[in-house]
Amino acid sequence: MKKIKIMGATALLSLCLAGTVTAQIGQPFIHDPSTVIECNGKYYTFGTGGGGLISDDGWKWNGGGVRPGGGAAPDAIKIGDRYLVVYGATGGSSNHKGAILTMWNKTLDPKSPDFKYSEPVVVATSDGYEPCDAIDPGIMLDPTTGRLWLTYGTYFGFIRLVELDPKTGKRVAGNKEVNIAITCEASDLMYRDGWYYLLGTHGTCCDGANSTYNIVVGRSKKITGPYMDNVGRSMLEGGGKMVAAAGGRHIGPGHFGHMVLSDGVEKMSCHYEADLDQSGRSVLGIRPLLWKNGWPVAGDNFKEGTYEIQSVRRGYALELAVDFVRMAGGMRGFGRNNDEPIKPVPSQQLADVIKTWPTGDISVRIGDYVVRPNQKWTITAVPDAAGYPGGPSYKIVIAGTDRALAATADAEVITVPTFTGAPEQLWRIDQLTDGTSRIMPKVTPNSKKQYALVSSGDSTPALAAFDMNSDNSKWNFKDH
Amino acid sequence: MNRKHKSFLPAMAFVVLLGLQVGATNAFGQPPGMGQRPAMPPIPIKGDTTHTLSKHFIQDSKVKKTPDAKGFIQRWLVLEPVRKSISRNSIFTDDYLRTTFSTDNFSSDFNTIPKNGEQVKVGDQELKWYALDSKAFSFNLYDFTYAINKPPYGVLFWLVTVIDCPQEIKNVRIAAGTNSAGMFWLNGKEALMLSGDRDMIVDNVTSPLLTLKKRKNIIRAAVINGPGMCSFCVRFLDEKGLPVKNFSISYQ
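Residue numbers (this note's numbering), protein chains in the order written: chain A, 2 to 481; chain B, 463 to 714.
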């Protein structure tokens, strides 16, 4: 029996490791999550039915969030020093009667003495006969005007837009709803570079692995629309460009939420209708959000593996600073007989070179990539270490060894012979809005600054403040 | 939170799970009473709720009809819904649709043009044809069922329209979107099928290149839906994907 238990634990660990591609860990079980929001260093999301999830790091989630009112599919936003939570009184009733309510709280931490929701107020309704069902609210504070906008609705009729007062959370007096989309639900809004973006979820929900949920987007120069897709279809005609669909072991993303963590680092929250690695349950998802040609698209959370780590600055590769070891042969020479037999040349192996490497700390540099053992890095999650929104902490070692990349107190990077789990050996990897990646040590020894791995010269890595406007701060992971 | 996928058992299961979730969140420290769902606030009726076709349709119009500005075909003869037992829309496989549209058909002659008010029998159901112009670019069959006071879910609709071309038009495609599944025939031949649990999206599926012959062309359509909204839209596109509009649409 004991052996079986051990095997079970091993299998569970394997599942956790395999699941690091996209899913969150802990108990991230939720349906229709609100936009993930930070409050006093913790992350919160609320779901259908009441309650919600809390995370210390944005990666490991557990229950404990408190959102009264029942109903379904809430959203949340921080306005000033308060949090406005909005939810639908129903999850979509058969008679299409519904109501959207808002309420305030000074904190989202239920253990705080300041935790107290205000009395909810109704801001939108559907009477059961009009072509709209007042559920699935999404909320956005317009960064250009300071005006607060709410979208809501589902497949029954229109997605509608109304304006709320950002001071009271109530409907602006006299405001009339505007129809902005059809045949979708779980709508939400974003603003970027002069465009308003309307997100919606299409497809079938609530059918586990058979759900076809997917997230699409249209955009408009005006908040009131029309929101058009990439081929010129209005979302009032069912148009929409794909943002996120099923992938890997995760089926049916829906209920988009937008998170801007810092310049160039944006994430989208959603739920997957089914995580096939977790009993097909509905789970929270957090993925990078990329922008391509003015359109948002879900990126991919980092996938464990062995990679060339390529500097975007010049395209050189991060490598262990060891002596170059020639492979057998050289250029064949001109004028040779091309009818001679062709045979493969074996790649240089770690065993061919490792004895030439020093055994202590070895510095790193950036050089021409020639597929050598000192240029191949294996990157794996460190399950016991705290993560960050959308990912765990990683260790980065030379493939086939335990030699680990580490930050130093003087803002340089080296490799140490053995990975110990020390915080300067833990790395955070975020896919940036342009599709490249930022690599950050969890800590830089003797420093409180948050540094990123940069190319200070074409061939010289260092640690420095991340700059989204500089290719020195960006890296690609090439899976050759 | 989606209501599109709606069947009794999954809905009940979800309600039960919802209850469990509320219980679980309470167990994680929600203050007593904070998880209680308040009663739905009173919501006044905002408009006219009478069952009338004139709200969304024009009945048996004698006015010459052409496609709308974007080429959508708004004039249709529509048969009262054939009642079907459909628990979820994911059952609409190609095989299911072909079998159902063959079995629950008012006529195997796909060039038949029904008349407004005509009664036909599908199985043991006696059903009536309506000649309607949709006021919207799409044809909302949920609104149609409400207007004639019929149950809106678990329904199969048959529709017919006549395209009158002043001259032959080659290399066009029928482009359609249906909620949920559907099938279209042109002059007796299958033109396109929309299987699965679909949303009504403009130009969601297009046919192979077709020829609209000079004078009458008959479009037969079938749209089927279990729970949720039910509607469709259809137009012709040319080889460049632009709407074709140089024809008229009639009931005969």
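Quick reminder that beta carbons are idealized off the backbone N, C-alpha and C, glycines included.
Here the structure is a predicted model, which means the values were calculated and not measured.
Alpha-carbon to alpha-carbon, W196/A and G295/A: Each residue's Cα considered, the two are about 9 Å apart.
Counted within 10 angstroms of its Cβ, other Cβ atoms place G650/B as buried (16 or more) or exposed: So G650/B ends up on the exposed side.
Restricting to Cα atoms, I'd like to know which of Y156/A, Q25/A and P144/A is closest to I136/A. The shortest CA-to-CA distance from I136/A to any of Y156/A, Q25/A and P144/A is the one to Y156/A.
F563/B - DSSP class collapsed to helix/strand/coil: It is helical.
Should M191/A be labelled buried (16 or more other beta-carbon atoms within 10 Å of its own) or exposed? Burial call: buried.
What span of residues does the alpha helix (DSSP H) with V624/B cover, start to end? DSSP places V624/B in no alpha helix (DSSP H) but in the uninterrupted beta strand (DSSP E) bounded by V617 to C627.
If you count every other CB in all the chains shown that lies within 10 Å of the CB of G201/A, and 16 or more means buried, which is it? Around the beta carbon of G201/A, 16 or more other beta carbons sit within 10 angstroms, so the residue counts as buried.
Please tell me whether L648/B and I681/B are closer than 8 Å, where the distance is taken between their beta carbons. With contacts defined as CB atoms closer than 8 Å, L648/B and I681/B qualify as a contacting pair.
Taking only the alpha-carbon atoms, compute the straight-line gap between D403/A and S448/A and give it to the nearest angstrom. For D403/A and S448/A, the gap between their C-alpha atoms comes out near 26 Å.
Residue closest to I367/A, alpha-carbon to alpha-carbon, out of D435/A, G286/A, A400/A and L321/A: Answer by Cα proximity: L321/A.
Return helix, strand or coil for M236/A, following the three-state DSSP convention. Helix.
Using the three-state DSSP reduction, which class does Q587/B fall into: helix, strand or coil? Q587/B falls in the strand class under three-state DSSP.
If we count the other Cβ atoms within 10 Å of its Cβ and call it buried at 16 or more, is A466/A buried or exposed? Flag for A466/A reads exposed.
Which value, in whole angstroms, describes the spacing of the CA atoms of G306/A and S394/A? Cα to Cα, G306/A sits roughly 14 Å from S394/A.
In the structure shown, what three-state DSSP assignment does I711/B receive? Three-state result, I711/B: strand.
Closer than 7 Å, Cβ to Cβ, to anything on chain B: give me those residues from the stretch 192-221 of chain A, in chain order. If the cut-off is 7 Å between Cβ atoms, the stretch 192-221 of chain A has H203, T205, C206, C207, D208, N211 and T213 near chain B.
Determine, using beta carbons only, whether N180/A and L237/A come nearer to each other than 8 Å. By the CB criterion at 8 Å, N180/A and L237/A fall inside the cutoff.
Within 10 Å of its beta-carbon, does A329/A have 16 or more other beta-carbons around it, so buried, or fewer, so exposed? Looking at its Cβ environment, which holds fewer than 16 other Cβ atoms inside 10 Å, A329/A is exposed.
Under 8 Å between beta-carbons, which chain B residues line up against V123/A? List them in chain order, please. Listed along the chain, the chain B residues whose CB falls inside 8 Å of the CB of V123/A are P503.
Residues of chain A with CB under 8 Å from N551/B, in chain order? Simply T205.
Less than 8 Å between CB atoms is the rule here; does E120/A satisfy it with respect to chain B? At least 8 Å separates the CB of E120/A from every CB of chain B.
In chain order, which continuous runs of the alpha helix (DSSP H) of length 4 or greater are located wholly inside the stretch 316-399 of chain A? Fully contained in the stretch 316-399 of chain A are the following alpha helix (DSSP H) runs of length 4 or more, in chain order: 351-354.
Consult DSSP for G485/B and reduce its assignment to one of helix, strand or coil. Any reading at G485/B must be qualified, since the residue scores a pLDDT of 34, below 50, and its modelled position is unreliable; the value itself is stated next. Looking at G485/B - three-state DSSP - the assignment turns out to be helix.
Closer than 8 Å by beta-carbon distance: list the chain B residues that pair up with E131/A, in chain order. Here the neighbours are K508 and G509.
Candidates T357/A, Q432/A and G147/A: closest to Y389/A by CA position: If we check each option's Cα against that of Y389/A, Q432/A comes out closest.
For G158/A, I'd like the list of residues in its chain whose CB is within less than 6 Å of its CB, leaving aside the five on either flank, ordered along the chain. Listed in chain order, the non-local C-beta contacts of G158/A below 6 Å within the same chain comprise P132 and C133, local neighbours out to five positions each way being set aside.
Check whether the Cβ atoms of F420/A and K396/A lie closer than 8 Å to each other. Closer than 8 Å, so yes.
Using 8 Å as the limit for Cβ to Cβ distance, is V664/B near chain A? Under the 8 Å criterion on CB atoms, V664/B is classed as interfacial with respect to chain A.
For E164/A, which beta-bridge partners are listed by DSSP? Under DSSP, E164/A shares a beta bridge with W150/A.
Using C-beta distances below 7 Å, list every residue in its chain close to D128/A, excluding the 5 sequence neighbours before and after it, in chain order. Closer than 7 Å at Cβ, skipping near neighbours: K98.
Taking buried to mean at least 16 other C-beta atoms within 10 Å of its own C-beta, is E630/B buried or exposed? With fewer than 16 Cβ atoms within 10 Å of its Cβ, E630/B is classed as exposed.
Any idea what DSSP makes of A609/B, helix, strand or coil? Of the three classes helix, strand and coil, the one that applies to A609/B here is helix, per DSSP.
DSSP-derived helix/strand/coil call for G209/A: Three-state DSSP puts G209/A in a helix.
Reducing DSSP to helix, strand and coil, say where S657/B ends up. Correct three-state label for S657/B: coil.
N- and C-terminal bounds of the beta strand (DSSP E) containing M141/A: First-last of the beta strand (DSSP E) with M141/A: G139 to L142.
Determine the direct distance from the alpha carbon of Y273/A to that of K483/A, and round the result to whole angstroms. Beyond the ends of chain A as shown, which are 2 and 481, falls residue 483/A; an answer cannot be given.
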